[in-house]
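Numbering (full-length UniProt numbering), first residue to last: 1 to 250.
Structure first, then comments.
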Ligand SMILES: [Zn+2]
Ligand SMILES: [Zn+2]
């Protein structure tokens, strides 16, 4: 299983990264976790334009899902002719919400390119991957994911505040993509996002191998986020996410 960080910018794209999008590949199958704004461009540096086999959306905030709209254009109007529909595992309202974001009169609905499947907490098989979805602690219906294949696992927090479910989901993962949107300060809002310190605390409790701090917001100093994470009591490998970096999990 290979993981490539396509986009790791939090809440909106930054100068060096699109919004949230992570590519997982195994046995020739390619799956995206989130498809935030700007990701479709950077994705083409790593795989062919038509080569996405499945998409999982953590939630319906724009920075996690909006590039479904331009990707509909790719799959519906390609010079190769319409391409097979791609399954999109997402919160139940995704079909309606993303259709209204796209909404062009006299154009086909997004269902011409995508097969929307409503997520619920639990485990499903997607190509060679076992995908476990768990509800996170965020103001809208939001899932974290654990993707396993060949005995290796990647866990992804989506957007979340502090969450015992996240610790359970990430338990023993090889790579833990954990959001770190906030700089640490007293009185951080609960049920929204994590700081670097809180991300590291979750990684320590989950006893993961490698913590990758992501959903990095351009108005923050990322080195400060990493510095604060060193105060979270996690003893494993820890680094900042960067667009274009690939992890080969064997
Ligand atoms: Zn976000
Ligand atoms: Zn969000």
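Each residue gets a CB set at the ideal place from its N, CA and C atoms; glycine is no exception.
Just so you know, these numbers come straight off a predicted model, no measurement behind them.
Distance from the CA of residue 190 to the CA of residue 117, rounded to the nearest whole angstrom, comes to 30 angstroms. Its Cα nearest to that of residue 210, the residue 156 stands out among 220, 225, 163 and 156.
Annotated as proximal: residue 175 and residue 249, with beta-carbon spacing under 9 angstroms. Closest option to residue 181, judged by alpha-carbon separation, among 151, 203, 220 and 153: 220. If you measure from each CB to the nearest heavy atom of ligand 2, the residues under 6 angstroms come out as 59, 61, 138 and 159. Per DSSP, the continuous beta strand (DSSP E) segment holding residue 87 begins and ends at 86-90. Excluding its 5 nearest sequence neighbours in each direction, residue 112 has C-beta neighbours in its own chain below 6 angstroms: 76, listed in chain order.
Ranking 159, 213, 137 and 140 by CA distance to the CA of residue 197 puts 213 first.
Between residue 160 and residue 177, the alpha-carbon positions lie close to 12 angstroms from each other.
With fewer than 16 neighbouring CB atoms inside 10 Å of its own CB, residue 140 falls in the exposed class. Counting along the chain, residue 77 sits inside no beta strand (DSSP E); it lies in the alpha helix (DSSP H) bounded by residues 68-77. DSSP places residue 227 within a helical segment (H, G or I) once states are collapsed to three. DSSP places residue 95 within a helical segment (H, G or I) once states are collapsed to three.
Listed as beta-bridge partners of residue 175 by DSSP are 154 and 210. Scanning 243, 204 and 80 for the CA closest to the CA of residue 235 turns up 204. Contact between residue 110 and residue 68 holds: their C-beta atoms lie close to 7 angstroms from each other, under 8 angstroms.
DSSP places residue 115 within a strand segment (E or B) once states are collapsed to three.
Taking 9 angstroms as the cut-off, the Cβ atoms of residue 9 and residue 66 do not count as close.
Ligand 1 has a heavy atom closer than 8 angstroms to the beta-carbon of residue 10.
One thing to note: residue 72 has its Cβ no nearer than 9 angstroms to the Cβ of residue 244.
The beta-carbon separation of residue 206 and residue 233, rounded to 12 angstroms, does not stay under the 8 angstroms limit for a contact. Taking non-hydrogen atoms of ligand 1 into account, the C-beta of residue 63 is found less than 8 angstroms away from one of them. DSSP links residue 51 through a beta bridge to no other residue.
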